[in-house]
Amino acid sequence: MSGVQQSPAPSLREPLWTLTAATALAAGLAIAGIWVPWIGRHLHAAIAAIFLYAPSLASRISGRPFDYRDAGLRLDPLGLNLRVLAVALAVTFPLFVVGFFAFYGFVCGPHGGPFTALWSGLCPYWRGLHGGSLRLPPEFLTSALNQLIVVAIPEELFFRGYLMGRLDERWPPARRLLGASVGRGLLVSSVLFALGHVAVVPNPQRLAVFFPALVFGWMRARTGSIMPGAVFHALCNLFADVLHTSYF
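Counting from 3, one number per residue, gives the positions in the sequence shown under the working numbering.
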């Protein structure tokens with residue numbers, strides 16, 4: 003008797019080449035923006051366009067189906083999205099505040115030692131918990147719209163909607179975590195998200211985005227939508243801006 007022939011696992015060639023091309027183009031534009039002011043002023047919009055349209059272009063070239071709605075570019079399920087977003091904010095923002103003051107209180111304090119030198123450009127402006135007060139950055143509303151529309155949605159579509167989706171096709175999630183099916187795709191896409199940030203702006207501190215990427219990926223897996231992750235992504239960036247404006 004002949005056994006049932008299984009279909010071969012989907013190739014990683016298309017998503018990895020797409021990631022490489024998109025990252026290289028974004029990094030090239032970032033370098034060009036240093037020398038050409040017009041490119042520098044429109045850099046974020048250009049990178050957003052790359053991340054938004056690269057999956058569709060790759061799909062046409064490879065002949066492999068890709069659908070924006072299936073990739074999570076939708077508001078539904080609205081109730082679940084809102085609940086997941088609320089839980090993420092309630093759990094992470096207090097931890098973020100504690101970590102912010104603990105970190106800068108140490109590296110910019112009298113016992114920071116060699117770490118103080120690494121943040122020498124920032125530490126002289128550190129006011130500390132009792133020296134600052136909460137205030138919004140200039141043009142906060144414009145910044146909020148920019149973070150959501152130009153930064154968060156394109157990045158979430160590409161890395162969680164497209165890339166993690168392709169990786170999950172290659173390595174089907176086999177574990178359940180707080181109601182979400184997760185697996186190797188979540189970890190690998192988070193690593194690639196962090197490496198992509200460093201490739202565009204060569205600063206090893208940007209590797210830290212690996213950790214919020216795990217949360218963004220879990221939110222995508224839990225809801226099927228990228229929107230709660232995109233809103234959370236934007237709010238994280240905005241919250242960090244508020245804290246830096248208030249205490250530096």
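All C-beta atoms in this analysis are idealised placements derived from N, C-alpha and C, irrespective of residue type, glycine included.
Values in this document were obtained by computation on a predicted structure and should not be read as measured data.
Would Gln-207 be called buried (16 or more neighbouring beta carbons within 10 Å of its own) or exposed?
-> Residue 207 sits at position 205 when you count from the first residue of the sequence shown. When all chains shown are included, Gln-207 counts as exposed.
Determine, using beta carbons only, whether Thr-25 and Pro-57 come nearer to each other than 9 Å.
-> Position 23 of the sequence shown, counting from 1, holds the residue named residue 25. Position 55 of the sequence shown, counting from 1, holds the residue named residue 57. Contact flag unset, no.
Close Cβ partners of Ser-145 (< 8 Å) along its chain, the five nearest in sequence each way excluded | By 1-based counting over the sequence shown, the position of residue 145 is 143. For Ser-145, where only same-chain residues beyond five positions count, the Cβ hits under 8 Å are Pro-139, Leu-240, Asp-243.
Of all Cβ atoms in chain C, is any one closer than 9 Å to the Cβ of Ser-122?
-> Among the protein chains of the structure shown there is no chain C, as only one such chain exists.
How long is the line joining the alpha carbons of Leu-147 and Ala-232, rounded to whole angstroms?
-> If you number the sequence shown from 1, residue 147 lands on position 145. If you number the sequence shown from 1, residue 232 lands on position 230. Looking at the two C-alpha atoms, the distance is approximately 12 Å.
Taking only the alpha-carbon atoms, compute the straight-line gap between His-44 and Ala-223 and give it to the nearest angstrom.
-> In the sequence shown, counting from the first residue as 1, residue 44 sits at position 42. In the sequence shown, counting from the first residue as 1, residue 223 sits at position 221. Looking at the two C-alpha atoms, the distance is approximately 32 Å.
Give the range of the alpha helix (DSSP H) segment to which Arg-208 is assigned.
-> Against the sequence shown, residue 208 aligns to sequence position 206. Note, Arg-208: premise wrong, no alpha helix (DSSP H); not H, not E.
Which partner residues of Val-184 appear in the DSSP bridge assignment?
-> Translated into positions along the sequence shown, residue 184 becomes position 182. Paired residue(s): Arg-177.
From Arg-129, Val-153, Val-217, Asn-205, residue whose alpha carbon lies closest to that of Thr-247 = Counting from 1 along the sequence shown, the entry for residue 247 is found at position 245. Nearest option by C-alpha distance: Arg-129.
Taking the alpha carbon of Ala-11 as the point to measure from, which residue in Val-184, Arg-172, Gly-65, Arg-178 has its own alpha carbon closest?
-> Locating residue 11 in the sequence shown gives position 9, where the first residue counts as 1. Taking only the C-alpha atoms, the option nearest Ala-11 is Arg-172.
In three-state terms, what does DSSP make of Leu-14?
-> Residue 14 sits at position 12 when you count from the first residue of the sequence shown. In the structure shown, Leu-14 sits in coil (DSSP, three-state: anything other than H, G, I, E or B).
Unbroken alpha helix (DSSP H) run spanning Asp-72, endpoints | The sequence position of residue 72 within the sequence shown is 70, counting from 1. Asp-72 -> no alpha helix (DSSP H), and no H or E assigned at all.
Considering only the beta carbon of each residue, do Pro-228 and Ile-151 sit closer than 9 Å?
-> Within the sequence shown, numbered from 1, the residue matching residue 228 stands at position 226. Within the sequence shown, numbered from 1, the residue matching residue 151 stands at position 149. The sequence as given places Ile at residue 228; Pro does not occur at that position. Result no, Cβ atoms of Ile-228 and Ile-151 do not sit closer than 9 Å.
Hey, could you find the ends of the alpha helix (DSSP H) Val-109 is sitting in?
-> Mapped onto the sequence shown, residue 109 falls at position 107. Segment 80 to 109, the alpha helix (DSSP H) holding Val-109.
Cα separation between Asn-83 and Ile-49?
-> Along the sequence shown, one-based indexing puts residue 83 at 81. Along the sequence shown, one-based indexing puts residue 49 at 47. If you take the alpha carbons of Asn-83 and Ile-49, they lie about 26 Å apart.
Among residues of its own chain, excluding the 5 on either side of Gly-187, which ones have a beta-carbon nearer than 6 Å to its beta-carbon?
-> Taking the sequence shown and counting its residues from 1, one reaches residue 187 at position 185. So the list reads Met-166, Leu-169, Asp-170, Trp-173, once near-sequence residues are dropped.
Just confirm the distance between the C-beta atoms of Phe-195 and Leu-87, as a whole number of angstroms; I'd bet it's less than 8 Å.
-> Translated into positions along the sequence shown, residue 195 becomes position 193. Translated into positions along the sequence shown, residue 87 becomes position 85. Contact doesn't hold; Cβ gap of about 19 Å is too wide.
Does the separation of the CB atoms of Ala-215 and Phe-142 fall below 9 Å?
-> Numbered from 1 along the sequence shown, position 213 holds the residue referred to as residue 215. Numbered from 1 along the sequence shown, position 140 holds the residue referred to as residue 142. Taking 9 Å as the Cβ cut-off, Ala-215 and Phe-142 do not qualify as a contacting pair.
Give a yes or no on whether the C-beta atoms belonging to Ala-236 and Val-184 are separated by under 9 Å.
-> Sequence index remark: in the sequence shown, residue 236 carries index 234 (1-based). Sequence index remark: in the sequence shown, residue 184 carries index 182 (1-based). Not a contact, by the Cβ cut-off of 9 Å.
Separation of Phe-218 from Tyr-106, as counted between CA atoms = Here residue 106 is taken as the residue at index 104 of the sequence shown, counted from 1. Here residue 218 is taken as the residue at index 216 of the sequence shown, counted from 1. In a straight line, the C-alpha of Tyr-106 is about 25 Å away from that of Phe-218.
With DSSP collapsed to three states, give me the class of Phe-234.
-> Position 232 of the sequence shown, counted from the start, is the residue given in the question as residue 234. DSSP places Phe-234 in helix when its eight states are reduced to three.
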